[in-house]
Every structure is written in structure tokens, then in C-alpha cells.
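Notes to accompany the following structure.
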Amino acid sequence: MGILAALVIGAIAGWLAGQIVRGAGFGLVGNIVVGIIGALVAGWLLPQLGVMLAAGTLGQIIDATVGAVIILVILSLVRRA
Numbered sequence: 060m061g062i063l064a065a066l067v068i069g070a071i072a073g074w075l076a077g078q079i080v081r082g083a084g085f086g087l088v089g090n091i092v093v094g095i096i097g098a099l100v101a102g103w104l105l106p107q108l109g110v111m112l113a114a115g116t117l118g119q120i121i122d123a124t125v126g127a128v129i130i131l132v133i134l135s136l137v138r139r140a
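So for the sequence shown, the working numbering puts the first residue at 60; every next one is plus one.
Now the structure itself:
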């Protein structure tokens, strides 16, 4: 996957995660960054757990969204502490 594709998928995933985890977002740009980081986290974590959600571009968006949601939930818990 190219860098531009990874950025676009991360941006979509960050936006989706911001919609799913209301109140934990960091604004549009922050959520895009969280989406990119979430894509990296999901790209490592999900195969370690033996989870394959879907294939292709849609699967990458779903995986990245799951990773971004995980990151947003962790960050919201840290912010509250």
C-alpha cells in the first residue's frame, strides 16, 4: 500500500472513529492523525490476535477504524485520569 493510500484510509478511519466514539475526538485533524496511528496499531494487533475482518480496501478501512477506536478510547481514559 502506498503512503497516499495509507493517509486516505487513515483519514477515513479517523473520521469514522470520531463518529463512533463521541466526546473523545480531537477535532478533524486530530482524528485523522489518530486514524493513521490506529491503522498502524490494527495492522499489528489484529493479526497477532488471529482476527481477519475483511479483505481489500474496505477491510483496511474497517481494520484502521477498529484501531482508531481503540486509540480514542484509551486516550479518553487517560485524559479523564
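Glycine included, each C-beta is placed from N, C-alpha and C at the ideal position.
Cutoff 8 Å; reference residue i; Cβ partners in own chain excluding five residues on either side
| i | result |
| --- | --- |
| residue 128 | 76, 79, 80 and 97 |
| residue 70 | 91, 94 and 95 |
| residue 112 | 105, 118, 121, 122 and 125 |
| residue 74 | 87, 90, 91 and 94 |
8 Å Cβ cutoff met for residue i and residue j
| i | j | result |
| --- | --- | --- |
| residue 72 | residue 114 | no |
| residue 120 | residue 62 | no |
| residue 100 | residue 118 | no |
Residue from the options with nearest C-alpha to residue i
| i | options | result |
| --- | --- | --- |
| residue 64 | 131, 139 and 116 | 116 |
| residue 89 | 111, 107, 130 and 106 | 130 |
Chain-order list of residues whose beta-carbon lies under 7 Å from that of residue i (same chain, five-residue window excluded)
| i | result |
| --- | --- |
| residue 108 | none |
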